[in-house]
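A short write-up of the structure that comes next.
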Amino acid sequence: MTETTAKATNEARRVRVALVDSGVDTSHPWLVNAALRSLRIERKGEGYAVGPDEPVDRSGHGTACAGIIHRLAPFAEITSVCVLSPEGRCSRDGLLAAARFCVREGFDVVNLSLGIDVPKGAPLRPTDYKSIVELYEIADIAYTAGVVLVASGPNASAFRTYPGRFKSLIGVGRASSDDPEFLRTEITVDWEILAPGNDVLAPALGGGERRWTGTSFAAPHVAAHVARLRRDRSDLSIQDIKAALHALAARRLEREAGLPRVSLPPAQIDHGGTLSS
Numbered sequence: 001m002t003e004t005t006a007k008a009t010n011e012a013r014r015v016r017v018a019l020v021d022s023g024v025d026t027s028h029p030w031l032v033n034a035a036l037r038s039l040r041i042e043r044k045g046e047g048y049a050v051g052p053d054e055p056v057d058r059s060g061h062g063t064a065c066a067g068i069i070h071r072l073a074p075f076a077e078i079t080s081v082c083v084l085s086p087e088g089r090c091s092r093d094g095l096l097a098a099a100r101f102c103v104r105e106g107f108d109v110v111n112l113s114l115g116i117d118v119p120k121g122a123p124l125r126p127t128d129y130k131s132i133v134e135l136y137e138i139a140d141i142a143y144t145a146g147v148v149l150v151a152s153g154p155n156a157s158a159f160r161t162y163p164g165r166f167k168s169l170i171g172v173g174r175a176s177s178d179d180p181e182f183l184r185t186e187i188t189v190d191w192e193i194l195a196p197g198n199d200v201l202a203p204a205l206g207g208g209e210r211r212w213t214g215t216s217f218a219a220p221h222v223a224a225h226v227a228r229l230r231r232d233r234s235d236l237s238i239q240d241i242k243a244a245l246h247a248l249a250a251r252r253l254e255r256e257a258g259l260p261r262v263s264l265p266p267a268q269i270d271h272g273g274t275l276s277s
């Protein structure tokens, strides 16, 4: 395949990213050129339904995450799936409904900058078990279906956060870096990779910008990297994608340390986001 043909193929391939969050202000200057649609999870009787939503953000959280994704993966088609209230809260059943919808729709990448926080020192309650088991089952189905879930880890060491802990998805912790391309491998019980999440410049409500801190803002950096991989090679398994992300992190570490390049596993990407073998 020639370079021109490969470029045309990449540009023609649709990459669909779901952002389960607080909605997105599609009029924000950072997002005026983004391909965006807005949906909302709503309670209907005993269950939940997915329907169209206004292109607005209830708290600014989703717009910040969308801006990060669009900056790194401007080709991605972003679907905002609103589950958060203006206070940044949602029911566990609402989160489950949103996750099920995204897996059923077969999105290439699903960004989950939210989750269930459980104190490490407290025993799980029956309701905790039920929600966590259901989330685990959804993550397992996503893995089998090839839907990449990217989930933020806890912001405080006193908590464990689900679904970010599940190894069938990509759990993300936060690091300090001014480079939006930054990735670093750090495999723990809470996550497996770090991305910028401290004082990250991203959109704010009202058309401006602000500095955001939290694993919520690290996760969309990783989701954007996954979108690049999906654009270049739609046939990659989730394990291949994980390997490629860790290869990116390893190459960066080599460059920072001034070390010679070492051989890395197949299905990896270079610092420009292009697959190599």
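Everything in the sequence shown is counted per the UniProt record's numbering, starting at 1 for the first residue and increasing by one.
Note that the Cβ used here is the ideal one computed from N, Cα and C, for glycine as well.
All values derive from a computational prediction rather than experimental measurement.
The Cβ atoms of Leu-248 and His-221 lie no closer than 9 Å to each other.
Arg-211 and Gly-51 have their C-alpha atoms some 32 Å from each other. Closest in C-alpha terms to Arg-71, from the list Ala-139, Gly-207 and Trp-30, comes Trp-30.
According to the DSSP assignment, Val-226 belongs to no beta strand (DSSP E) but to the alpha helix (DSSP H) extending over 215–232. Boundaries of the alpha helix (DSSP H) around Val-133: 126–145.
For the pair Ser-216 and Pro-196, the CB atoms are not nearer than the 9 Å cut-off. Each residue's CA atom was taken as its position, placing Leu-39 and Asp-57 some 11 Å apart.
Residue pairing from DSSP places Gly-51 in a beta bridge opposite Arg-40. In the DSSP assignment, Gly-173 forms a beta bridge with Leu-194.
Take the alpha-carbon of Ala-35 and the one of His-28: they are about 13 Å apart. Rounded to whole angstroms, the separation of the alpha carbons of Arg-230 and Leu-236 is 7 Å.
Contact between the stretch 166–174 and the stretch 128–147 is established, with three or more Cβ pairs separated by less than 8 Å. Rounded to the nearest whole angstrom, the CA to CA distance from Phe-75 to Arg-228 is 9 Å.
Around the Cβ of Ser-234, a 10 Å sphere holds fewer than 16 other Cβ atoms; the residue is exposed. Looking at Lys-130, Pro-123, Leu-95 and Asp-179, the one whose alpha-carbon comes closest to that of Ala-151 is Leu-95. According to DSSP, residue pairing for Arg-210 in a beta bridge involves Ala-202. Comparing alpha-carbon positions, the option among Phe-101, Arg-43 and Gly-67 lying closest to Gly-208 turns out to be Gly-67. Apart from the 5 residues on each side of it in sequence, Ser-59 sits with its Cβ closer than 6 Å to the Cβ of Ser-22, Pro-86 and Gly-88 in its chain, given in chain order.
Residue Val-118 holds the alpha-carbon nearest to the alpha-carbon of Arg-160 among Gly-106, Val-118 and Val-17. Taking 9 Å as the cut-off, the Cβ atoms of Ala-64 and Pro-180 do not count as close.
In the same chain as Val-81, and ignoring 5 residues on each side of it, the C-beta atoms closer than 8 Å to its own belong to Ala-18, Leu-19, Val-20, Asp-21, Leu-39, Arg-40, Ile-41, Val-50, Ala-98, Phe-101 and Cys-102, in chain order. Val-148 sits close to Val-109, with the two beta carbons spaced by under 9 Å. The shortest C-alpha to C-alpha distance from Asp-93 to any of Ile-132, Thr-188 and Thr-79 is the one to Ile-132. Only residues of its own chain outside the window of five on either side were considered, and among them Gly-153, Gly-164, Gly-171, Val-172 and Gly-173 have a CB closer than 7 Å to the CB of Trp-191, listed in chain order.
By the Cβ-count criterion, Ile-78 is buried, with 16 or more other Cβ atoms from all chains shown falling within 10 Å of its own Cβ.
Here Asn-111 is near Ile-69, since their CB atoms are less than 9 Å apart.
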